[in-house]
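S.K.: Read in order, the letters of the sequence shown are residues 0 to 384 in numbering that gives the first Met the number 0.
For glycine and all other residues, C-beta sits at the position ideal for the given N, C-alpha and C.
Bear in mind that the values here come from a model prediction, so they are computed numbers and not experimental data.
So that we are looking at the same thing, I have put the structure below in structure tokens.
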Amino acid sequence: MKKRWIALVLLLFLAVAGYWFATVPASPVPAGSASAARLQPGLYAVVVDDFHAEDASRATPPNRDISGHPGRVLDGEIWRPQSPAQPGPLVVYSHGFMSYHREGVYLAQFLASRGYTVIAVDYPLTGMAGPGDPLVTDVVNQPGDISFLIDTLLARNSDPQDVLHGSIDPGRIAAVGVSLGGLTTTLVSFHPRLKDPRIRAAVSIAGPTTLLAPAFFTDMQLPYLMLYGDADVIVPYADNALPVLQERPGTLLVTLKNASHAGFAQPAATIMRFVANPDTVGCRAVSSGLAEEMAGDTAALIAALGDASDGINIHAELRVCTDPPPPTSMPAARQHMFTTLAVSAFLDSVFAADAPAREAANQFLRQTLGVENAGELSVTTTTGQ
């Protein structure tokens with residue numbers, strides 16, 4: 000019943016999305032700045048392909064009273080540059096809880112125009128389209144989904160008859176995710192049993208980390224960007240962003256001032272663009288009855304992720320909407336602009352084809368971005384303990 004109510008609301012939103020999307024103004028740009036220059040789309044036209052695959056080697060577990068499935072079905076889309084001059088990086092994007100694969104379309108389109116291939120799928124049980132109410136504990140299976148997606152795309156990359164042939168550099172693969180997708184990204188990048196060593200850079204956008212103890216972050220070399228809004232009440236900033244700076248030296252944190260949690264998703268700038276703070280919508284969903292389900296799932300989630308030997312905080316408590324959202328938050332279009340700037344610069348600092356371009360992106364991310372936009376964001380990093 001709860002899922003049907005949520006689905007009806009989301010379908011209503013999606014029904015008017017086309018109209019509102021057509022009327023949304025372009026994200027505000029700081030004129031004449033390095034930020035404005037880096038916001039320009041890349042040289043490539045973007046091709047969007049439907050994607051369907053099933054991992055027959057891994058089952059989808061039962062969801063409460065709904066039977067499981069012998070495989071894991073992954074439907075979504077691929078955003079890719081048209082006729083790239085050379086192989087480029089691959090980005091696997093993970094959506095958040097009760098969301099879907101197009102929540103980060105603004106970022107996927109931008110990255111594809113700059114030579115990246117981006118894939119995003121609907122996860123079987125944590126999204127809005129799965130059977131039954133979304134099941135947060137299935138996040139433990141999503142790192143395996145990412146590994147399967149990488150396997151699938153690299154196989155297509157090697158097939159001379161495939162449109163992806165020769166377009167992906169297997170040595171340049173990143174994981175990016177929002178909210179529960181941010182946790183998915185962190186798990187596939189760092190979890191001692193679930194990580195995929197092919198991941199060479201990781202971006203967690205508003206991802207929960209309270210479940211992770213300091214011992215979790217044993218890999219100090221993998222480039223890791225965290226992006227949070229300091230007004231986030233769904234995944235609170237103080238609980239999830241700041242501790243990691245002490246737990247994992249070298250982590251880069253971009254903090255958007257007065258930015259919300261839901262504001263990172265595409266619908267916040269289209270169908271919810273007149274909502275003063277998108278987190279009010281998210282918290283209403285929680286207060287409608289999902290809070291009890293989430294509380295019940297937390298213990299099961301901790302158990303699924305492992306124990307102290309895996310770096311899991313077995314005594315963790317998740318605070319979700321325990322504080323009221325501020326009346327207003329950063330406009331979502333501007334939040335998307337800063338997300339695009341930070342994520343693209345971070346990925347370029349790791350994956351750009353030549354050293355000067357990597358250094359220029361690194362310089363922009365660590366210094367220029369914060370200076371040019373000092374009233375709206377800050378950039379923090381640690382170098383060691």
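Going by beta carbon distance, what residues of the same chain come within less than 6 Å of D322, once the five residues before and after it are set aside?
M.R.: Working through the sequence shown from its first residue, we reach residue 322 at position 323. Same-chain partners within the cutoff: V232.
S.K.: By DSSP, does L38 sit in helix, in strand, or in coil?
M.R.: Numbered from its first residue, the sequence shown carries residue 38 at position 39. DSSP places L38 in coil when its eight states are reduced to three.
S.K.: May I ask you to list the residues that DSSP assigns as paired with Y92?
M.R.: In the sequence shown, the residue the question calls residue 92 occupies position 93. Bridge partners of Y92: A119, V175.
S.K.: Could you pull the start and end residues of the beta strand (DSSP E) that T338 belongs to?
M.R.: Position 339 of the sequence shown, counting from 1, holds the residue named residue 338. Note, T338: premise wrong, no beta strand (DSSP E); alpha helix (DSSP H) at 331-350.
S.K.: Using alpha carbons as the reference points, say which of T209, T217, L221 lies closest to V202.
M.R.: Along the sequence shown, read from residue 1 onward, the residue named residue 202 stands at position 203. Residue L221 is the option with its Cα nearest to V202.
S.K.: Go to T380, then tell me how far its beta strand (DSSP E) extends in each direction, as first and last residue.
M.R.: Counting from 1 along the sequence shown, the entry for residue 380 is found at position 381. For T380, the enclosing beta strand (DSSP E) starts and ends at 376-380.
S.K.: Quick one: grab the DSSP three-state call for V274.
M.R.: What you label residue 274 is simply residue 275 of the sequence shown in a count that begins at 1. Note: V274 maps to coil in three-state DSSP.
S.K.: Can you name the residues that DSSP bridges to Y223?
M.R.: One-based indexing of the sequence shown puts residue 223 at position 224. Y223 pairs with A201.
S.K.: For H51, count the other beta carbons within 10 Å of its own beta carbon; 16 or more makes it buried, fewer makes it exposed. Which is it?
M.R.: For the purposes of this step, residue 51 is identified with residue 52 of the sequence shown, where counting begins at 1. Exposed: under 16 other Cβ atoms inside 10 Å.
S.K.: For L244, which residues of its own chain have a beta-carbon under 7 Å away from its beta-carbon, when the five flanking residues on both sides are left out?
M.R.: Within the sequence shown, numbered from 1, the residue matching residue 244 stands at position 245. Hits under 7 Å: T250, L252, T379, T381.
S.K.: Using CA atoms only, rank isn't needed, just tell me which of T327, A268, P207 is closest to A230.
M.R.: Your numbering for residue 230 matches position 231 in the sequence shown. The shortest Cα separation from A230 among T327, A268, P207 belongs to T327.
S.K.: What separation, rounded to the nearest whole angstrom, lies between the Cα atoms of A214 and I311?
M.R.: Sequence index remark: in the sequence shown, residue 214 carries index 215 (1-based). Sequence index remark: in the sequence shown, residue 311 carries index 312 (1-based). The alpha-carbon atoms of A214 and I311 are separated by roughly 8 Å.
S.K.: What does a CB cutoff of less than 6 Å around G281 pick up in its chain, not counting 5 residues either side in sequence?
M.R.: For the purposes of this step, residue 281 is taken as the residue at position 282 of the sequence shown. Hits under 6 Å: I233, A261.
S.K.: Pull up the distance between the alpha-carbon of D158 and that of G170, whole angstroms please.
M.R.: For the purposes of this step, residue 158 is identified with residue 159 of the sequence shown, where counting begins at 1. For the purposes of this step, residue 170 is identified with residue 171 of the sequence shown, where counting begins at 1. Rounded to the nearest angstrom, the two C-alpha atoms are 17 Å apart.
S.K.: Run the CB neighbour count on E316, radius 10 Å, all protein chains shown included, and call it buried at 16 or more, exposed below.
M.R.: Within the sequence shown, residue 316 is the residue found at index 317, counting from 1. The Cβ neighbour count for E316, taken over all protein chains shown within 10 Å, is under 16; the residue is labelled exposed.
S.K.: Buried or exposed, going by whether 16 or more other CB atoms sit within 10 Å of the CB of E76?
M.R.: Reading the sequence shown from its first residue, position 77 is the one you call residue 76. The residue is buried, with at least 16 neighbouring Cβ atoms inside 10 Å.
S.K.: If you draw a straight line from the C-alpha of G364 to the C-alpha of S66, how long is it?
M.R.: Indexing the sequence shown from 1 puts residue 364 at position 365. Indexing the sequence shown from 1 puts residue 66 at position 67. Checking the sequence shown, residue 364 turns out to be Leu, not Gly. Between L364 and S66, the C-alpha separation is close to 47 Å.
S.K.: Between A258, T297, R79, A299, which lies nearest to T279 when the distance is taken from Cα to Cα?
M.R.: The residue labelled residue 279 in the question sits at position 280 within the sequence shown. Ranked by how close their Cα comes to the Cα of T279, the residues A258, T297, R79, A299 have A258 in first place.
S.K.: Using DSSP with H/G/I as helix, E/B as strand and the rest coil, what is V283?
M.R.: Taking the sequence shown and counting its residues from 1, one reaches residue 283 at position 284. The amino acid occupying residue 283 in the given sequence is Arg; Val does not appear at that position. For R283, the secondary structure class from DSSP, reduced to helix, strand or coil, is helix.
S.K.: Between L179 and T254, which are expected to be in contact by the criterion C-beta below 8 Å, what is the C-beta distance as a whole number of angstroms?
M.R.: The sequence position of residue 179 within the sequence shown is 180, counting from 1. The sequence position of residue 254 within the sequence shown is 255, counting from 1. About 20 Å separates the CB atoms of L179 and T254; that is not less than 8 Å, and the two are not in contact.
S.K.: Helix, strand or coil: which one does DSSP assign to H314?
M.R.: Here residue 314 corresponds to residue number 315 of the sequence shown, with the count starting at 1. Three-state result, H314: coil.
S.K.: Compare the beta carbon distance of A44 and Q85 with 7 Å and say whether it is the shorter of the two.
M.R.: Within the sequence shown, numbered from 1, the residue matching residue 44 stands at position 45. Within the sequence shown, numbered from 1, the residue matching residue 85 stands at position 86. Cβ atoms of A44 and Q85: not closer than 7 Å.
S.K.: Quick one, which of V162, A302, A154, Y227 has its alpha-carbon nearest L211's?
M.R.: The residue labelled residue 211 in the question sits at position 212 within the sequence shown. Nearest Cα to L211 within the set V162, A302, A154, Y227: A302.
S.K.: Count the other CB atoms, across all protein chains shown, that sit within 10 Å of the CB of S308; report buried if there are 16 or more and exposed otherwise.
M.R.: For this step, residue 308 is matched to residue 309 along the sequence shown. With fewer than 16 other Cβ atoms within 10 Å, it is exposed.
S.K.: Please name the residue in F109, A119, E358 whose C-alpha comes closest to that of L148.
M.R.: The residue given as residue 148 occupies position 149 in the sequence shown. Nearest of F109, A119, E358 to L148, Cα basis: A119.
S.K.: For D45, does the three-state DSSP call read helix, strand or coil?
M.R.: Numbered from its first residue, the sequence shown carries residue 45 at position 46. Per the sequence shown, the amino acid found at residue 45 is Val instead of Asp. V45 carries a strand assignment under DSSP once its states are collapsed to helix, strand and coil.
S.K.: Do you know how far the Cα of Q265 is from the Cα of Y105?
M.R.: Here residue 105 refers to the residue found at position 106 when the sequence shown is read from its first residue. Here residue 265 refers to the residue found at position 266 when the sequence shown is read from its first residue. When only Cα atoms are considered, Y105 and Q265 end up about 7 Å apart.
S.K.: For P80, which three-state DSSP category applies?
M.R.: As a position in the sequence shown, residue 80 is number 81, starting the count at 1. In the structure shown, the three-state DSSP call for P80 is strand.
S.K.: Comparing alpha-carbon positions, which option in F337, K194, T185 lies nearest A391?
M.R.: As displayed, the chain neither begins before 0 nor continues past 384, which places residue 391 out of reach and without an answer.
S.K.: When the Cα of L300 is compared with those of V72, L110, T208, which residue comes out closest?
M.R.: On the sequence shown, position 301 is the one that residue 300 refers to. The option with the nearest alpha carbon to L300 is T208.
S.K.: Can you tell me whether DSSP reads P24 as helix, strand or coil?
M.R.: The residue you call residue 24 lines up with position 25 of the sequence shown. Because the pLDDT at P24 is just 41, under 50, the model does not fix this residue reliably, and the point stays unresolved.
S.K.: If A173 sits next to A200, beta carbons under 8 Å apart, how far is it from one beta carbon to the other, in whole angstroms?
M.R.: Within the sequence shown, numbered from 1, the residue matching residue 173 stands at position 174. Within the sequence shown, numbered from 1, the residue matching residue 200 stands at position 201. Going by Cβ atoms, the distance from A173 to A200 rounds to 4 Å, so yes, they are a contact pair.
S.K.: Count Cβ pairs between the segment 185-198 and the segment 139-154 that sit closer than 8 Å; are there 3 or more?
M.R.: yes
S.K.: Going by the CB atoms, is the gap between S93 and G41 shorter than 7 Å?
M.R.: Mapped onto the sequence shown, residue 41 falls at position 42. Mapped onto the sequence shown, residue 93 falls at position 94. Not closer than 7 Å, so no.
S.K.: Mind checking which residues open and close the beta strand (DSSP E) that includes T254?
M.R.: For this step, residue 254 is matched to residue 255 along the sequence shown. Where T254 is concerned, the enclosing beta strand (DSSP E) stretches over 251-255.
S.K.: Report the rounded CA-to-CA distance for W78 versus Q108, giving the unit in angstroms.
M.R.: For the purposes of this step, residue 78 is taken as residue 79 along the sequence shown, with counting starting at 1. For the purposes of this step, residue 108 is taken as residue 109 along the sequence shown, with counting starting at 1. W78 and Q108: Cα-Cα distance of roughly 7 Å.
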